[in-house]
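One structure is given below, encoded as structure tokens.
Protein chains in written order, with the working numbering: chain A, -10 to 103; chain B, 392 to 502.
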């Protein structure tokens, strides 16, 4: 059982380049999330999708876009990467909100923007 | 801004000792969760406690919740080297599908 799968695991970009981070879950979960983790900052929510067909901004959405392609897949796009977007990105999924909001995380994508 | 704040930021103990981490939060919650993150890995859910519960156990883990003080504690008994990780509290609010994570406590358990 794969759980939450993120690709790629590592990426180096130059300032201004674009890329899409992919995330897929095989647990039939309704909700999916994108976080970034920076040293000393904990996890900060970028965007989330409470259910298929919906997306909402989180705490730090600027510079990112998302697509909930179907129930399984939720991608994060950086249109014009900046050094401030150097971070570790985590995708997570959960069955629903409230007390069912136990989140399952992928292994992360380590992104460096030069 | 982050809802939960863990204390201490770092904790170093010997195998066999107990480890206690604390989490404080600011607004009312529906539930509070604890997660573990091993170095270079994603977060793993450990335990969830609802706002109407005061204490919960899972194996060597004991979580308490005091909603009047807006605080929670995670106790790991008889620590092992394999418990070395960062531990995060996360709060969930009624009606919302998101969690707000704290900055974490780094636990080092030495053999």
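Using N, Cα and C, we set each Cβ at its ideal position, and we do this for glycine too.
Source: prediction; values computed, not measured.
- Boundaries for residue 451/B: no beta strand (DSSP E) harbours it, and the DSSP string shows neither H nor E there.
- C-alpha of residue 48/A to C-alpha of residue 409/B: approximately 35 angstroms in a straight line.
- Taking 8 angstroms as the CB threshold, residue 97/A lines the interface with chain B.
- Residue 472/B places its beta carbon less than 8 angstroms from that of residue 500/B.
- Looking at the backbone, the Cα of residue 448/B and that of residue 493/B are separated by about 21 angstroms.
- Taking each of 3/A, 100/A, 83/A in turn and checking the Cα distance to residue 14/A, the smallest one comes out for 83/A.
- Using a Cβ distance threshold of 8 angstroms, residue 475/B and residue 498/B count as a contacting pair.
- Chain order gives the chain A residues near residue 488/B as 20, 37, 39, 83, 85, 86, 87, 90, where near means a beta carbon separation below 8 angstroms.
- Within the same chain, and ignoring the five residues on either side of residue 59/A in sequence, the residues whose Cβ sits closer than 7 angstroms to its Cβ are 41.
- By the Cβ rule, the segment 63 to 77 of chain A counts as touching the segment 5 to 24 of chain A, because three or more pairs are nearer than 8 angstroms.
- For residue 417/B, there are no neighbours in chain A by C-beta distance under 7 angstroms, as the nearest C-beta there is about 15 angstroms away.
- According to the DSSP assignment, residue 497/B belongs to the beta strand (DSSP E) that extends over 496 to 501.
- The beta-bridge partner set that DSSP reports for residue 398/B consists of 413/B.
- By the Cβ rule, the segment 453 to 470 of chain B counts as touching the segment 405 to 422 of chain B, because three or more pairs are nearer than 8 angstroms.
- Put simply, of 411/B, 396/B, 397/B the residue whose alpha carbon is nearest the alpha carbon of residue 403/B is 411/B.
- Between residue 32/A and residue 407/B, the alpha-carbon positions lie close to 30 angstroms from each other.
- Contacts with chain A at 8 angstroms (Cβ-Cβ) do not include residue 448/B.
- The C-alpha of residue 422/B lies about 23 angstroms from the C-alpha of residue -7/A.
- Distance from the Cα of residue 35/A is smallest, within the candidate group 399/B, 502/B, 490/B, for 490/B.
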